[in-house]
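The numbering of the sequence shown is full-length UniProt numbering, which starts it at 1 and goes up by one.
Have a look at the structure below, then the notes.
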Amino acid sequence: MRFEVVKAIYQAGLEDKRVCFVSGDYGHANTEEFKRDFPGRYFNAGMSEQNIIGIAAGLALSGMKVFVYSIVPFITLRCLEQIKIDVCHHNVDVTIIGGGGGFAYANAGVTHYAIEDVAALRALPNMKIISPSNPTEARLLMQALIKVGGPAYVRIGRGKEPDFELEYAPEIGKAGIVRSGDDITLIASGAIITEAIRVRDMLAEQGISVEVANMHTIKPLDGDFIRARAGIRKAIFTLEEHNILGGLGGAVAEELAELPQRPLFKRFGVPDMWPDVVGSQQYLRDAVGIGARDVAEKIRDFLR
């Protein structure tokens with residue numbers, strides 16, 4: 001996804017001299033291209049996340065359109081106060097791109113697990129939160145977000161996420177249907193959408209028809225979609241590579257809680273505990289119960 005996101009920013013830089021890029025000392029083929037072609041609009045601020053956000057906000061207050069890139073846990077939590085005050089309070093055009101959402105950097109250990117970021121940023125007024133499911137969607141949503149402007153947070157993977165054809169045109173604030181179904185709706189966000197598709201295929205073998213919806217925009221949430229599904233589905237489920245508290249599941253639960261009548265509802269996310277294991281991204285997903293097999297079994301049991 002990061003290749004597509006940075007490529008979209010580079011293209012915007014060709015068309016708009018206000019576009020600038022602030023890096024947290026992470027190199028990438030396309031960021032080097034941006035640095036080469038727009039030397040006065042590229043800033044490597046080093047591994048100093050509070051400073052990065054301050055620089056970005058200052059550039060935005062000077063009329064620039066700013067994009068920041070670093071690894072999720074560092075560019076969201078380490079500088080949360082600066083995001084709150086410098087970016088969101090001033091409502092400036094800064095888009096924060098966090099690479100490695102969820103367990104994408106699982107082999108690096110708990111310091112690199114990114115499972116609290118959405119909860120932290122969702123509480124900030126003016127902040128938009130986008131979590132694309134694959135490279136194609138990342139490119140299209142980034143192009144749309146460039147036109148809309150920040151404050152915004154784009155949560156992407158580490159790279160090499162599987163791509164698949166979209167049957168909808170991604171639009172900020174609108175859920176997309178990845179796979180159709182009639183009995184229940186499984187709402188997912190981010191690269192873990194591939195697990196949601198596997199869940200659907202597993203449950204189809206057991207006669208359960210699952211609609212897989214992609215809630216790529218966690219804030220502002222597509223409340224219309226949730227309310228519409230609440231009226232026609234037996235149950236709604238959410239799946240996210242994030243702490244079960246405060247993320248996508250919490251946002252959907254808040255929407256459902258205000259309805260006079262609602263379907264059965266269950267969230268799937270990282271349990272509220274430290275995942276003190278290290279391994280591949282898939283190993284971590286399975287270890288904390290958000291792998292496709294565990295989710296499919298729990299949905300089946302929940303519906304009995």
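Even glycine gets a Cβ: it sits at the ideal position worked out from N, Cα and C.
Hey, quick one: how far does the beta strand (DSSP E) through residue 99 stretch, first residue to last?
One-based indexing of the sequence shown puts residue 99 at position 99. For residue 99, the enclosing beta strand (DSSP E) stretches over residues 94-99.
Selected residue, minimal CA-CA separation from residue 23, among 223, 154 and 96
Here residue 23 corresponds to residue number 23 of the sequence shown, with the count starting at 1. Out of 223, 154 and 96, 96 has the C-alpha closest to the C-alpha of residue 23.
For the beta strand (DSSP E) that contains residue 239, what are its first and last residues?
Along the sequence shown, one-based indexing puts residue 239 at 239. Start and end: 235-243.
Express the C-alpha separation of residue 72 and residue 85 in angstroms, rounding to a whole number.
Locating residue 85 in the sequence shown gives position 85, counting from the first residue. Locating residue 72 in the sequence shown gives position 72, counting from the first residue. Roughly 19 angstroms separates the two Cα atoms.
Taking the alpha helix (DSSP H) that residue 227 falls in, what are its first and last residues?
Against the sequence shown, residue 227 aligns to sequence position 227. Here the alpha helix (DSSP H) through residue 227 covers 223-230.
Measuring straight from C-alpha to C-alpha, what distance separates residue 338 and residue 142?
Here the chain covers residues 1 to 304 and nothing more, so residue 338 does not appear.
Cβ-based neighbour list, residue 202, same chain, cut-off 8 angstroms, excluding 5 preceding and 5 following:
Counting from 1 along the sequence shown, the entry for residue 202 is found at position 202. These residues qualify, in order along the chain: 292, 293 and 296.
Across the stretch 105-114 and the stretch 165-175, are there enough close Cβ pairs to call them in contact, namely three or more that are closer than 8 angstroms?
In short, these stretches do not touch, since the Cβ pair count stays below three.
The beta strand (DSSP E) spanning residue 105 covers which residue range?
Counted from its first residue, the sequence shown places residue 105 at position 105. DSSP places residue 105 outside any beta strand (DSSP E), giving it a letter other than H or E.
Once DSSP output is grouped into helix, strand and coil, what is the label at residue 171?
Start at 1 with the first residue of the sequence shown, and residue 171 comes out as number 171. In this structure, residue 171 counts as strand in the three-state DSSP scheme.
In the DSSP assignment, find the unbroken beta strand (DSSP E) run with residue 123 in it and report its ends.
As a first step, residue 123 must be located in the sequence shown, where it is residue number 123. No beta strand (DSSP E) contains residue 123, which DSSP labels as neither H nor E.
Among 208, 220, 214 and 226, which has the Cα closest to the Cα of residue 301?
Here residue 301 corresponds to residue number 301 of the sequence shown, with the count starting at 1. When only C-alpha atoms are compared, the closest one is 208.
Could you pull the DSSP bridge partners for residue 266 from this structure?
Walking along the sequence shown from the start, residue 266 turns up at place 266. Looking at the DSSP assignment, residue 266 forms a beta bridge with 237.
Measure how close the beta-carbons of residue 239 and residue 195 come, nearest whole angstrom, since I'm counting them as under 8 angstroms.
To locate residue 239, count along the sequence shown from 1; it is residue 239. To locate residue 195, count along the sequence shown from 1; it is residue 195. That belief holds up - the Cβ atoms of residue 239 and residue 195 are roughly 7 angstroms apart, short of 8 angstroms.
Roughly how many angstroms lie between the CA atoms of residue 256 and residue 230, to the nearest whole one?
Within the sequence shown, residue 256 is the residue found at index 256, counting from 1. Within the sequence shown, residue 230 is the residue found at index 230, counting from 1. If you take the alpha carbons of residue 256 and residue 230, they lie about 8 angstroms apart.
Within a Cβ cutoff of 6 angstroms, which residues of the same chain sit near residue 235, ignoring the five residues on either side of it in sequence?
In the sequence shown, residue 235 corresponds to position 235, counting from 1. Answer for residue 235: 184, 263 and 264, listed in chain order.
Is it buried or exposed for residue 281, if we count other Cβ within 10 angstroms and need 16 for buried?
The count along the sequence shown starts at 1 and reaches residue 281 at position 281. It counts as buried.
Would you identify the three-state DSSP class for residue 211, choosing helix, strand or coil?
Locating residue 211 in the sequence shown gives position 211, counting from the first residue. Shown here, residue 211 sits in a strand according to DSSP, grouped into three states.
Cβ neighbour criterion (16 or more within 10 Å) applied to residue 64:
Taking the first residue of the sequence shown as position 1, residue 64 is located at position 64. Here residue 64 is buried, its C-beta having at least 16 other C-beta atoms within 10 Å.
Let's see if you can read the secondary structure: which residues bound the beta strand (DSSP E) around residue 153?
Taking the sequence shown and counting its residues from 1, the one referred to as residue 153 is at position 153. 152-155 is the span of the beta strand (DSSP E), which, as asked, contains residue 153.
Candidates 120, 34 and 232, of which the one nearest residue 247 by Cα:
Along the sequence shown, read from residue 1 onward, the residue named residue 247 stands at position 247. Per the Cα distances, 120.
Measuring straight from C-alpha to C-alpha, what distance separates residue 157 and residue 1?
Position 157 of the sequence shown, counted from the first residue, corresponds to residue 157. Position 1 of the sequence shown, counted from the first residue, corresponds to residue 1. Each residue's Cα considered, the two are about 6 angstroms apart.
Is it right to say residue 307 is buried, meaning 16 or more other beta carbons lie within 10 angstroms of its own, or is it exposed?
Given a span of 1 to 304 for the chain in the structure shown, any question on residue 307 remains unanswerable.
So the candidates are 285, 122 and 160; which of them puts its Cα closest to the Cα of residue 3?
By one-based count along the sequence shown, residue 3 stands at place 3. Nearest in C-alpha terms to residue 3, of all of 285, 122 and 160, is 160.
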